[in-house]
Amino acid sequence: MKGWLIGLGVLCLLLGGYAQSVEWSRLYVQSSARGFLPQVAATDSQGSLIVAGRYLRTSGHYSVALFKYSPRGDLLWATTFGTEGQSDYAEAIAVAPDDSLYLAVTRADRDSIAYVQRYSPAGTLLWSQAVNLSAYDVIQQLVVRPDGGVEALLAYGNSGMGYARLIYDSAGNQLAAHTFPQPATWMAYRFPVGMLSIDSVNRLLVVMDPESDDVLQSQCHTRLQFLNSAGMLVGETSLPMRVARFARASDGTFYLLGDYWNTSAQQMRLRVVRVDSDLQVLGQWEISTADGDSIPDVLVVNGTRWLVSGSVEGASASGTAVEVRSQEGTLLTSQALTGAYRPFAGVGVPGAFALLVGVRQSSPEAWKPQIYWYRTDGQPMGVLNLPPLSAIDEQPELLVPSPDGALYAIATVNRESDNMACAGIWRVRGLPTLSGRVILESFVGDPSTHVAQFTLTDGSQTDSVSVPLGANGEYALTTLLTGNLQIRAYVPGWLGKRQTLTLTGSATADWSLINGDANRDNQIDDADLLMVLFSFGQSGANPADLNGDGTVDDADLLIVLFNFGTIGD
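For the sequence shown, numbering that gives the first Met the number 0 begins at 0 and goes up steadily by one.
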């Protein structure tokens, strides 16, 4: 397939090889049921995991199960919601500032009914409000308000489809219902995709809006709508793509991932669009690694950098495409996983992206979960194979970050003894971080114009990281290596320095580097002295300008003479 890369050798060599570990794993089995399927999950401020999903009653209908695990892996509580003869599904979840949680449930019947529910941190149902605006009512998303209330994005309709923003206070009273009924068009259809916070009260609505010819050409438009606190639309624009994933960046802009019909290729291709809060398009990028019919699976924004991943079916190969890009859309890395791979979820952690991928193994034939790690500069870090909970299918579903830096991976696991579906949960330890200062000796310039190169070694494996320095030489890096490490810091122009550090969680270390290595060979000798002498009196950018004052002069000569004969680590 054109554009697919072969550069996976590094990743393949690192499969399961790093010491970054799974703290614990659990197999949740719903009692008195014929199977459980996890659907939504979240973490609270303590790092506990809450999972909701549907379980199959012995009578043949689905009900909702909700349970909570502590960060140590203890099952704190479990509860259910449902009625015999009805089928209920968990649709959305959100945690309030007081660690109570909101859950959206759909009861599927001749008249589909939605429920907004609030549970205490201990799992007690505090209230449950039914939503029955039409024959079809399904909540797509929940957003917690700063006052502890909640907003629900609802899809509803009879012969067509419209949407609504419902606002509840923490006691369950409905404060507002901003409704947008099905349009009087040929399709009579507008479906809500998601809702993003512009600020504490204003929202960006993402709404799929098919046109009359979309039925034949497999394309549609997406409306972006600025909805104020009173429920008024104060801005709107349309994108010629079908948005499926969305995220807010740290600078307040929004990224949208979707697919569009590429007329020349006669295929669905992937596109990312960046807009501001005024709905002005700031950038648009085609995901070229996804060179084939593509599905927009994952979008993660970490600060202002972003990762996108999708499943691709091409003429000669299929698999998963991954790209990491900067705020301006500069491609930092692209990877292609050729074969039976499917991305399911992704999150951002300090300094890195985590991508949950399912791989279809051939012997035995089964889906298994993996976590692919990428630094925010695009550098692939490695892959973690999650230890098996069953010899048969473990299909990845969800990836949820914890406030303490850990991750929870959740999968639908078919129990080996009877093939019954259960919830598999893995808690993955947070990435070790190292931070501090790199002190550039005898330098009067701006340290932020330099990049420090770190090499971390645990004896059998090596991790290399390039980190731009801050204004005072600050740095921070993440790694998959843990334990006692040999770490070398190097900045071109200075001598390398090595320290032995123990890295398990967060650690700090400062580095004072000796100046004078004009020719960058990690020693200060005659070659450096000659470079300074031959450049003496010159101004402007020059490697012989060791102190960074813009001129090669006596100060630079003294640096070489003072440190003459020194060799770096």
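Glycine included, C-beta positions come from ideal geometry on N, C-alpha and C.
Among residues of its own chain, excluding the 5 on either side of residue 16, which ones have a beta-carbon nearer than 6 angstroms to its beta-carbon?
On the sequence shown, residue 16 is found 17 positions in, with the first residue counted as 1. Annotation note: pLDDT 39 at residue 16 (below 50); position unreliable, coordinate value reported separately. Here the set comprises nothing.
Considering only the alpha carbon of each residue, which of 411, 72 and 76 lies closest to residue 65?
Mapped onto the sequence shown, residue 65 falls at position 66. Of the candidates 411, 72 and 76, 76 places its Cα closest to the Cα of residue 65.
On the DSSP bridge assignment, give the partners of residue 421 in chain order.
As a position in the sequence shown, residue 421 is number 422, starting the count at 1. For residue 421, the pairing in a beta bridge is given by DSSP as 412.
Answer with buried or exposed for residue 265, where buried requires no fewer than 16 other C-beta atoms within 10 angstroms of its C-beta.
Counted from its first residue, the sequence shown places residue 265 at position 266. Here residue 265 is exposed, its C-beta having fewer than 16 other C-beta atoms within 10 Å.
Note down, in chain order, each residue of its chain lying with its Cβ closer than 7 angstroms to the Cβ of residue 388, except the 5 sequence neighbours on either side.
The residue you call residue 388 lines up with position 389 of the sequence shown. Here the set comprises 24, 26, 412 and 423.
Using the Cα positions of residue 454 and residue 193, report the straight-line distance between them to the nearest angstrom.
On the sequence shown, residue 454 is found 455 positions in, with the first residue counted as 1. On the sequence shown, residue 193 is found 194 positions in, with the first residue counted as 1. Rounded to the nearest angstrom, the two C-alpha atoms are 42 angstroms apart.
As a quick exercise: from 296, 34, 393 and 237, pick the residue whose alpha carbon is nearest that of residue 273.
Translated into the one-based positions of the sequence shown, residue 273 becomes position 274. The shortest C-alpha separation from residue 273 is found at 237.
Looking at the secondary structure, which residues open and close the beta strand (DSSP E) in which residue 354 lies?
Indexing the sequence shown from 1 puts residue 354 at position 355. Looking at the DSSP string, the run of the beta strand (DSSP E) that includes residue 354 is 351-361.
Where the beta strand (DSSP E) containing residue 103 begins and where it ends
Here the question's residue 103 lines up with position 104 in the sequence shown. Looking at the DSSP string, the run of the beta strand (DSSP E) that includes residue 103 is 100-107.
Beta-carbon within less than 7 angstroms of residue 330's beta-carbon, same chain only, minus the 5 sequence neighbours each way: which residues are those?
Here residue 330 refers to the residue found at position 331 when the sequence shown is read from its first residue. The residues are 322 and 324.
Rounded to whole angstroms, what is the Cα-Cα separation between residue 136 and residue 293?
Locating residue 136 in the sequence shown gives position 137, counting from the first residue. Locating residue 293 in the sequence shown gives position 294, counting from the first residue. Per the coordinates, the alpha-carbon of residue 136 lies some 30 angstroms from the alpha-carbon of residue 293.
Does DSSP put residue 556 in a helix, a strand or coil?
Here residue 556 refers to the residue found at position 557 when the sequence shown is read from its first residue. In the structure shown, residue 556 sits in a helix (DSSP, three-state: H, G or I).
CB residue 101 to CB residue 116, shorter than 8 angstroms?
The residue labelled residue 101 in the question sits at position 102 within the sequence shown. The residue labelled residue 116 in the question sits at position 117 within the sequence shown. Using a Cβ distance threshold of 8 angstroms, residue 101 and residue 116 count as a contacting pair.
By Cβ distance, which residues of its chain are closer than 7 angstroms to residue 55, with the 5 residues on each side in sequence left out?
The residue labelled residue 55 in the question sits at position 56 within the sequence shown. 32, 33, 34 and 61.
Please list the terminal residues of the continuous alpha helix (DSSP H) segment that includes residue 624.
Summary: the structure shown does not reach residue 624, with the chain confined to residues 0 through 568, and so no result is reported for it.
Between the CA atoms of residue 468 and residue 87 - distance to the nearest angstrom:
Walking along the sequence shown from the start, residue 87 turns up at place 88. Walking along the sequence shown from the start, residue 468 turns up at place 469. One C-alpha to the other measures close to 53 angstroms.
Cβ pair residue 546, residue 443 closer than 8 angstroms
Within the sequence shown, the letter at position 547 stands for residue 546. Within the sequence shown, the letter at position 444 stands for residue 443. Yes, Cβ-Cβ distance for residue 546 and residue 443 is below 8 angstroms.
Could you check if residue 566 is buried or exposed, using at least 16 other CB atoms within 10 Å of its CB as the buried criterion?
Walking along the sequence shown from the start, residue 566 turns up at place 567. Exposed, by the Cβ-count rule.
With distances taken between CB atoms, is the gap from residue 243 to residue 288 smaller than 8 angstroms?
Within the sequence shown, residue 243 is the residue found at index 244, counting from 1. Within the sequence shown, residue 288 is the residue found at index 289, counting from 1. Cβ distance not < 8 angstroms, so residue 243 and residue 288 don't count as in contact.
Measuring CB atoms only, is the segment 369-377 touching the segment 296-313, in the sense that at least three cross pairs come out at less than 8 angstroms?
The segment 369-377 and the segment 296-313 touch, with no fewer than 3 CB-CB distances between them shorter than 8 angstroms.
Return helix, strand or coil for residue 561, following the three-state DSSP convention.
Position 562 of the sequence shown, counted from the first residue, corresponds to residue 561. Reduced to three states, the DSSP call for residue 561 is helix.
In the structure shown, what three-state DSSP assignment does residue 448 receive?
The residue you call residue 448 lines up with position 449 of the sequence shown. Residue 448 sits in a helix when the DSSP states are folded into three classes.
Where residue 92 and residue 458 are concerned, what is the direct C-alpha to C-alpha distance, given to the nearest angstrom?
Position 93 of the sequence shown holds residue 92. Position 459 of the sequence shown holds residue 458. CA-CA distance, residue 92 to residue 458, rounds to 44 angstroms.
Taking 7 angstroms as the cut-off, is the CB of residue 479 close to at least one heavy atom of the ligand ATP?
Within the structure as shown, the ligand ATP is missing, as the structure has no ligands at all.
Using DSSP bridges, identify the partner residues of residue 343.
Translated into the one-based positions of the sequence shown, residue 343 becomes position 344. Note: residue 343 sits in no beta bridge, so no partner.
Specify the secondary structure class of residue 574 as computed by DSSP and reduced to three states.
No information on residue 574 is available, as it lies outside the stretch 0 to 568 that the chain covers here.
Using only the alpha-carbon positions, how far apart do residue 558 and residue 315 sit?
Here the question's residue 558 lines up with position 559 in the sequence shown. Here the question's residue 315 lines up with position 316 in the sequence shown. Approximately 60 angstroms between the Cα atoms of the pair.
Excluding the 5 residues flanking residue 377 on each side, which residues of the same chain have their C-beta closer than 7 angstroms to its C-beta?
Stepping through the sequence shown from its first residue, residue 377 is reached at position 378. Around residue 377: 323, 331 and 332.
Environment of residue 277 [buried if 16+ CB atoms lie within 10 Å]:
Counting from one through the sequence shown, the residue named residue 277 turns up at place 278. Around the beta carbon of residue 277, fewer than 16 other beta carbons sit within 10 angstroms, so the residue counts as exposed.
Limits of the unbroken beta strand (DSSP E) element including residue 371:
Your numbering for residue 371 matches position 372 in the sequence shown. Note, residue 371: beta strand (DSSP E), 364-374.
Note down, in chain order, each residue of its chain lying with its Cβ closer than 6 angstroms to the Cβ of residue 446, except the 5 sequence neighbours on either side.
Position 447 of the sequence shown, counted from the first residue, corresponds to residue 446. Counting only Cβ-Cβ distances below 6 angstroms, and skipping sequence neighbours, we find 439, 468 and 472.
Helix, strand or coil for residue 224? Go by DSSP, reduced to three states.
Walking along the sequence shown from the start, residue 224 turns up at place 225. Three-state DSSP puts residue 224 in a strand.
Nearest residue (CA-CA) to residue 252, options 198, 239 and 260
In the sequence shown, the residue the question calls residue 252 occupies position 253. When each option's Cα is compared against that of residue 252, the closest is 198.
Compare the C-alpha of residue 141 against each of 405, 165 and 122 and name the closest.
Here residue 141 is taken as the residue at index 142 of the sequence shown, counted from 1. Its Cα nearest to that of residue 141, the residue 165 stands out among 405, 165 and 122.
Leaving out five residues before and five after residue 405 in sequence, what residues of the same chain have Cβ atoms less than 8 angstroms from its Cβ?
As a working note, residue 405 is residue 406 in the sequence shown. For residue 405, where only same-chain residues beyond five positions count, the Cβ hits under 8 angstroms are 22, 46, 70, 426, 427, 428 and 429.
Write down every uninterrupted run of the beta strand (DSSP E) in the segment 89-165 whose length is 3 residues or greater and which is fully enclosed by it, in chain order.
The segment 89-165 contains, as complete beta strand (DSSP E) runs of 3+ residues, the segments 100-107, 112-118, 124-130, 135-143 and 149-156 (chain order).
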